[in-house]
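Just so you know, the numbering used here puts 114 at position 113 of the sequence shown, and the rest follows in order with no gaps.
Backbone N, C-alpha and C define an ideal beta-carbon position, used for all residues, glycine too.
First up is the structure itself, then whatever we jot down about it.
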Amino acid sequence: MCRWFDSGPSHFSFNLLISTSEMYSTRLSILFVLLLIFSSCTENEENMVTDESTIDTTLVGKHGRLEAKGNQIVDKHGNPMSLAGNSFFWSNDNWGGERYYKSEVVSWLKSDWNSTIVRAAMGVEDPGGYIDNKNGNKNRIKTIVEAAIEEGIYVIIDWHSHHAEDYQDEAIEFFQEIATLYGENDHIIYELYNEPLDISWSNTIKPYALAVTAAIREIDPDNLIVVGTPEWSQRIDLAAADPIVGYENIAYTLHFYTTYHHQWLRDRANSALQSGIPIFVTEWGSIGYSLVDPEANEWMNWCFANKIIHCNWSVNDKEEEWSILIPGASTIGGWNDNELTEAGKLAKNIISNWPVVVH
Ligand code: MG
């Protein structure tokens, strides 16, 4: 014991030193391995985060490109989509509504109104429109389109004209540029002609729509195209009797304003649906100046029952019955209820409570 004790310490110490050294070495090896594992895990986690971040969880990411299927507009899973949102006012220079063509307004409509679709309404032939100022109007449209893409909601690019057949070359040039810029985005919907007047569907509107559709399809083979119908987009029956053939993914416009358009127009629209064409309400307006609008209820029940997409006219503070904002309301969103007109409060109530997918 003594001997071991006597002779031991140096040996012990030596052994201890060797042992400590080995232990450090082992620990360093373990530490190194752990570091490798940790580093690998971190890398995997980073990859996982990257993978997750590439999964688009926005509305459009989940539902994809809209598609006309029979008399319905469906998402990429084949479920009927019944979106509710807002139309901007004419984009024309100095008409007032152009002040609201801002990304902040799109963000606000999405977050505060639960809007799932917006419509950029580019004025064409009227003063201050696209013909007068191409870049100014086009840039407003692009602002709304890019904001909608950023927010992951749908956006209509509307050729807001009453005489589009007189500007077919300009329409083709414009929509080809838009298709080139945004045609691969599922968010995009082309609206070729806001409200034709009392002109022929088969001899005037349809040939125009075919020419512009052909030009778009050269670049974008698949995004939804919506075509206006005669008499301010109320003669949906005329389109139903002679629909566009030869191209996929076409829907037809119906507009209603509850002051003027009642059951007789719903009856007409029902017949059109029964004949098999899909209907898209790119614009509707309430009676205005009132929160009580039984006709708006009738129309909204009809839209709900038939799974129709609709946009409320319009995001503006002009003193007219359909404006959602009181004069002077902020042009960057953030509106409290005191800045909404009665029509605006009614529209907000409808849009913010609208289900995205109606089963
Ligand atoms: Mg496309």
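Strand pairing of residue i, partner residues [DSSP]
i	result
Leu-326	Leu-341
Tyr-253	Val-228, Ile-280
Asn-271	DSSP, once it has assigned bridges, lists no residue as partnering Asn-271.
Phe-89	Val-316
Pro-81	Val-75
Lys-70	Gln-73
Val-119	Asn-87, Val-156
Gly-124	His-161
Gly-286	Tyr-258
Glu-192	Asp-159, Val-227
His-311	Ala-85, Val-282
Residue i vs residue j beta-carbon contact at 8 angstroms
i	j	result
Ala-148	Trp-160	no
Gln-169	Ile-220	no
Thr-259	Thr-283	no
Thr-117	Ala-85	yes
Glu-68	Asn-307	no
Asp-199	Pro-231	yes
Met-123	Ser-88	no
Ala-121	Val-156	yes
Ile-278	Ala-240	yes
Trp-300	Trp-314	no
Tyr-290	Glu-340	no
Glu-105	Ile-325	no
Ser-83	Cys-312	no
Gly-62	Gly-153	yes
Selection from the options that minimises the alpha carbon distance to residue i
i	options	result
Arg-236	Trp-109, Asp-223, His-262, Val-61	His-262
Glu-192	Asp-167, Ser-162, Thr-181	Ser-162
Ala-216	Ile-179, Trp-233, Leu-239, Gly-98	Ile-179
Asp-223	Asn-195, Ala-212, Phe-257, Asp-187	Asp-187
Arg-269	Asp-238, Glu-99, Glu-152	Asp-238
Leu-347	Trp-336, Asp-294, Val-316, Gly-79	Asp-294
Ile-142	Ala-165, Ser-112, Ile-189	Ile-189
Glu-321	Phe-175, Ala-297, Ser-287, Glu-296	Ser-287
Distance cut-off 7 angstroms: residue i Cβ against heavy atoms of the ligand FAD
i	result
Gly-334	Absence of the ligand FAD is noted for the structure shown, with the ligand MG being the only ligands found.
Distance cut 5 angstroms, beta-carbon to the ligand MG heavy atom: residue list by chain order: Gly-184, Asp-221, Asp-223, Asn-224
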